[in-house]
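Participant: First the structure, which I've put down as C-alpha cells, then a few questions once you've had a look.
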Amino acid sequence: MRWRWMSAGWALALIAAALYLERSPPAHDSPLGRFLAAEPVHIVAHTLLYGSLAALLAWRWFPTDALDAPRAALRSRVLAAGISFLAVAGAQELVQSLSRQRLPCMEEYFDLSVDVGGASLGLIAWSLADRRRRYPVARALGVVLHPAILGPLGMYAVLRSALEDGSAALRWTSLGVLAALPVAAVWQVGLRRGWFGDRDLSVRSERPVFLLAALLSAAGLYASVLALDAPLAVRHVALAGAAATVLVSALTVAGLKVSGHVAVPVGVMVLLQATSFRGPWPFVLAALALSWARVGEGRHTTREVVSAWGVACASGVLTLWAG
Numbered sequence: 001m002r003w004r005w006m007s008a009g010w011a012l013a014l015i016a017a018a019l020y021l022e023r024s025p026p027a028h029d030s031p032l033g034r035f036l037a038a039e040p041v042h043i044v045a046h047t048l049l050y051g052s053l054a055a056l057l058a059w060r061w062f063p064t065d066a067l068d069a070p071r072a073a074l075r076s077r078v079l080a081a082g083i084s085f086l087a088v089a090g091a092q093e094l095v096q097s098l099s100r101q102r103l104p105c106m107e108e109y110f111d112l113s114v115d116v117g118g119a120s121l122g123l124i125a126w127s128l129a130d131r132r133r134r135y136p137v138a139r140a141l142g143v144v145l146h147p148a149i150l151g152p153l154g155m156y157a158v159l160r161s162a163l164e165d166g167s168a169a170l171r172w173t174s175l176g177v178l179a180a181l182p183v184a185a186v187w188q189v190g191l192r193r194g195w196f197g198d199r200d201l202s203v204r205s206e207r208p209v210f211l212l213a214a215l216l217s218a219a220g221l222y223a224s225v226l227a228l229d230a231p232l233a234v235r236h237v238a239l240a241g242a243a244a245t246v247l248v249s250a251l252t253v254a255g256l257k258v259s260g261h262v263a264v265p266v267g268v269m270v271l272l273q274a275t276s277f278r279g280p281w282p283f284v285l286a287a288l289a290l291s292w293a294r295v296g297e298g299r300h301t302t303r304e305v306v307s308a309w310g311v312a313c314a315s316g317v318l319t320l321w322a323g
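All letters in the sequence shown, in the order written, are residues 1 to 323 by the numbering used here.
As C-alpha cells, this is what we get:
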C-alpha cells in the first residue's frame with residue numbers, strides 16, 4: 001500500500017510541477033530561470049525524476065511475493081507498470097505542449113526518450129535490492145532496447161539532426177530498414193531451423209552466418225547511398241555501420257563475441273554528437289543500461305561489452321574523421 005501511494009504521489013507531483021513551471025515560469029534573467037533553462041539541468045532532471053518514478057512503479061507492481069507468480073501474471077504486471085509510466089510521462093509532455101498552445105513535437109518526443117532512458121537506470125537501481133530481480137530486469141531491457149528498435153530510431157535521429165528535414169530523414173531511414181530485412185530474415189529462419197540456439201545468438205560459433213548476411217546488407221546499403229548521391233550524413237551512417245560490421249566480424253573470427261545490443265546505441269551516440277549537444281543523451285542512457293543488462297542476463301562478459309564500446313566508437317570516429 002505504501003508504494004502505491006508513493007508512486008501515485010510522485011506521478012501527480014511530476015505533472016503538477018510541469019503545469020506550474022509552464023504557467024508561472026521564473027524570470028529568464030533570474031538565477032533560478034537561468035538554472036532551469038540550462039540544457040544539462042533539463043536532461044539530468046528528466047533522467048533522475050523518471051528513473052525514480054520507474055523504481056517506485058516497480059516496487060508498486062512487483063512486491064517480493066509477486067516475483068514468484070506465474071509468467072502470465074508477471075506479464076500482466078509488466079504491462080500495467082509500463083502503461084502507468086507512459087501515461088504519466090505522456091501527460092507531463094502533453095501539459096507542456098498544450099500550455100505552449102501547440103501539439104506535441106520533437107521537443108516532447110526527445111523528453112520522452114530521455115524519460116525511458118532514465119527509467120532503464122531506475123529499474124536497474126531497483127533490481128539491485130533483490131538478486132531475483134536482476135535477470136528479469138536485464139532480460140526486459142534487452143528486449144525493449146533491442147537493436148531492431150534502437151537501430152532505426154538512431155538512424156532517424158542522426159539524419160533528422162544533420163539534415164534538419166524530418167521527411168528526408170524518414171525516407172533514408174526507410175532505406176536502411178529495407179537493407180536490414182535480409183538480416184532479419186536470416187535471423188528468423190535460423191531460429192526456426194535450429195541454426196541459432198536462442199534469439200540473441202549467444203553462442204559465438206553460431207554467428208558467422210548471421211554476420212555474413214549483415215556484411216552483405218551493410219555493403220548493399222553503402223553502395224545504394226553512393227549510387228543515389230545521398231547527403232553526407234546518410235553516407236556517414238552507412239559507412240559507420242559497414243565499418244562496425246567488419247570490425248565485429250573480425251573480432252568474432254578472432255574469438256570475441258562483441259555485444260551488438262551495446263554497439264548500436266554507442267555508434268548512434270558518436271555520430272549524433274557531431275550535430276547535436278543533447279541528442280546523444282537518450283542513447284548514452286540506453287548504452288549504459290544495456291552494458292549492465294547484457295552482463296546481468298549472462299549473454300556477454302564485461303570484456304565483450306567493453307569491446308562493443310570500442311568497436312562502435314572507433315567506427316564512428318573514423319567515419320567522421322574520413323569526412
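The beta-carbon is built from N, C-alpha and C at its ideal position, and this holds for glycine as well. The model shown is predicted, which means the values in this text are computed figures rather than measured ones.
Let me make sure I understand the geometry here. Which of PRO231, ARG134, LEU175 has the alpha-carbon closest to that of GLU164?
Facilitator: Here residue 164 is taken as the residue at index 164 of the sequence shown, counted from 1. Nearest of PRO231, ARG134, LEU175 to GLU164, Cα basis: PRO231.
Participant: Put ARG299 into one of helix, strand or coil per three-state DSSP.
Facilitator: Here residue 299 refers to the residue found at position 299 of the sequence shown. Three-state DSSP puts ARG299 in coil, outside helix and strand.
Participant: Please report the Cβ distance between LEU32 and PRO26, rounded to the nearest whole angstrom; I am assuming they are in contact, meaning their Cβ atoms lie under 8 Å.
Facilitator: Against the sequence shown, residue 32 aligns to sequence position 32. Against the sequence shown, residue 26 aligns to sequence position 26. Right, their Cβ atoms sit about 4 Å apart.
Participant: Would you grab the beta carbon distance between VAL262 and LEU251 for me? Rounded to a whole angstrom, and I think it's under 8 Å.
Facilitator: Numbered from 1 along the sequence shown, position 262 holds the residue referred to as residue 262. Numbered from 1 along the sequence shown, position 251 holds the residue referred to as residue 251. Not really, about 13 Å apart at Cβ, beyond 8 Å.
Participant: Does the ligand COA have even one heavy atom less than 8 Å from the beta-carbon of ALA81?
Facilitator: Absence of the ligand COA from the depicted structure is noted, as is the absence of any ligand whatsoever, leaving it without description.
Participant: If we ignore side chains and look at the alpha-carbon of each, how far apart do ARG102 and SER113 end up?
Facilitator: Working through the sequence shown from its first residue, we reach residue 102 at position 102. Working through the sequence shown from its first residue, we reach residue 113 at position 113. C-alpha separation (whole angstroms): 20 Å.
Participant: Please report how far the alpha carbon of LEU178 lies from the alpha carbon of ALA89, in whole angstroms.
Facilitator: Reading the sequence shown from its first residue, position 178 is the one you call residue 178. Reading the sequence shown from its first residue, position 89 is the one you call residue 89. When rounded, the distance between both Cα atoms is 32 Å.
Participant: What is the C-beta distance between PRO265 and ALA287, in whole angstroms, given that I count them as a contact (C-beta under 8 Å)?
Facilitator: As a working note, residue 265 is residue 265 in the sequence shown. As a working note, residue 287 is residue 287 in the sequence shown. Right, their Cβ atoms sit about 4 Å apart.
Participant: Where does ASP111 land, buried or exposed, given buried means 16+ other C-beta within 10 angstroms?
Facilitator: Numbered from its first residue, the sequence shown carries residue 111 at position 111. Buried: at least 16 other Cβ atoms inside 10 Å.
Participant: Can you check the stretch 207 to 287 for any alpha helix (DSSP H) of at least 4 residues that lies completely inside it and give the ranges in chain order?
Facilitator: Complete alpha helix (DSSP H) runs here, min 4: 207 to 227, 232 to 254, 260 to 272.
Participant: Out of ASP198, ARG77, SER205, point me to the one whose CA is closest to VAL253's CA.
Facilitator: Numbered from 1 along the sequence shown, position 253 holds the residue referred to as residue 253. The residue with the shortest Cα to Cα distance from VAL253 is SER205.
Participant: In angstroms, rounded to a whole number, what distance separates the CA positions of GLU107 and ALA38?
Facilitator: Here residue 107 refers to the residue found at position 107 of the sequence shown. Here residue 38 refers to the residue found at position 38 of the sequence shown. The straight-line gap from Cα to Cα measures roughly 15 Å.
Participant: Apply the 10 Å Cβ neighbour rule to GLN188 and answer buried if 16 or more other Cβ atoms are within range, or exposed otherwise.
Facilitator: Position 188 of the sequence shown holds residue 188. Looking at its Cβ environment, which holds fewer than 16 other Cβ atoms inside 10 Å, GLN188 is exposed.
Participant: Just curious, the alpha helix (DSSP H) that VAL78 is in, first and last residue?
Facilitator: Taking the first residue of the sequence shown as position 1, residue 78 is located at position 78. Here the alpha helix (DSSP H) through VAL78 covers 71 to 99.
Participant: Could you name the residues of the same chain whose beta carbon sits closer than 7 Å to that of SER127, not counting the 5 residues immediately before and after it, in chain order?
Facilitator: Along the sequence shown, read from residue 1 onward, the residue named residue 127 stands at position 127. These residues qualify, in order along the chain: ARG133, ARG134, VAL137.
Participant: By how many angstroms is the C-alpha of PRO147 removed from the C-alpha of ALA168?
Facilitator: The residue labelled residue 168 in the question sits at position 168 within the sequence shown. The residue labelled residue 147 in the question sits at position 147 within the sequence shown. Going from the Cα of ALA168 to the Cα of PRO147 covers about 22 Å.
Participant: Do you know how far the Cα of MET155 is from the Cα of PHE283?
Facilitator: On the sequence shown, position 283 is the one that residue 283 refers to. On the sequence shown, position 155 is the one that residue 155 refers to. So the two alpha carbons sit approximately 11 Å from each other.
Participant: Give me the Cα-Cα distance between SER7 and ARG199, rounded to the nearest whole angstrom.
Facilitator: For this step, residue 7 is matched to residue 7 along the sequence shown. For this step, residue 199 is matched to residue 199 along the sequence shown. The alpha-carbon atoms of SER7 and ARG199 are separated by roughly 34 Å.
Participant: Please work out which residues of its chain come closer than 8 Å, Cβ to Cβ, to GLY142, disregarding the five sequence neighbours upstream and downstream, and give them in chain order.
Facilitator: Locating residue 142 in the sequence shown gives position 142, where the first residue counts as 1. ASP200, HIS261, LEU290, ALA293, ARG294, GLU297, ARG299, listed in sequence order.
Participant: Taking only three categories from DSSP, how would you classify LEU320?
Facilitator: Taking the first residue of the sequence shown as 1, we reach residue 320 at position 320. LEU320 falls in the helix class under three-state DSSP.
Participant: Please list, in chain order, all residues of the same chain as THR302 whose beta carbon is under 8 Å from its beta carbon, the five residues on each side excluded.
Facilitator: To locate residue 302, count along the sequence shown from 1; it is residue 302. If we look at THR302 and ignore the five residues flanking it on each side, its Cβ neighbours are VAL295.
Participant: What distance in whole Å lies between the Cβ atoms of LEU247 and ALA314, which are believed to be in contact at a cut-off of 8 Å?
Facilitator: Mapped onto the sequence shown, residue 314 falls at position 314. Mapped onto the sequence shown, residue 247 falls at position 247. Right, the Cβ-Cβ distance comes to about 7 Å (below 8 Å), so this counts as a contact.
Participant: CA-CA distance, SER320 and ALA125?
Facilitator: Residue numbering aside, residue 320 sits at position 320 when the sequence shown is read from its first letter. Residue numbering aside, residue 125 sits at position 125 when the sequence shown is read from its first letter. This sequence places Leu at residue 320; Ser is not what is there. When rounded, the distance between both Cα atoms is 35 Å.
Participant: From LEU49, VAL144, ALA184, pick the residue whose C-alpha is nearest to that of GLY82; which is it?
Facilitator: As a first step, residue 82 is located in the sequence shown; it is residue number 82 there, counting from the start. Ranking the options by Cα distance to GLY82, first place goes to VAL144.
Participant: Report yes if the C-beta distance between LEU159 and ALA233 is below 9 Å; otherwise report no.
Facilitator: As a working note, residue 159 is residue 159 in the sequence shown. As a working note, residue 233 is residue 233 in the sequence shown. Yes.
Participant: Does LEU14 come out as helix, strand or coil in the three-state DSSP assignment?
Facilitator: Within the sequence shown, the letter at position 14 stands for residue 14. DSSP places LEU14 in helix when its eight states are reduced to three.
Participant: Reducing DSSP to helix, strand and coil, say where TRP5 ends up.
Facilitator: On the sequence shown, residue 5 is found 5 positions in, with the first residue counted as 1. Helix at TRP5.
Participant: Determine the closest residue to ARG171 out of LEU191, MET269, TRP3, LEU228, with distance taken between C-alpha atoms.
Facilitator: For the purposes of this step, residue 171 is identified with residue 171 of the sequence shown, where counting begins at 1. Ranking LEU191, MET269, TRP3, LEU228 by Cα distance to ARG171 puts LEU228 first.
Participant: Could you pull out every unbroken alpha helix (DSSP H) segment of at least 4 residues lying fully inside the stretch 139 to 173, listed in chain order?
Facilitator: 147 to 163, all fully within the stretch 139 to 173.
Participant: How far does the alpha helix (DSSP H) with ARG34 in it reach, from first residue to last?
Facilitator: Your numbering for residue 34 matches position 34 in the sequence shown. ARG34 -> alpha helix (DSSP H) spans 31 to 37.
Participant: Determine the extent of the alpha helix (DSSP H) in which GLY118 is found, giving its start and end residues.
Facilitator: Taking the sequence shown and counting its residues from 1, one reaches residue 118 at position 118. Run containing GLY118: 106 to 127, per the alpha helix (DSSP H) assignment.
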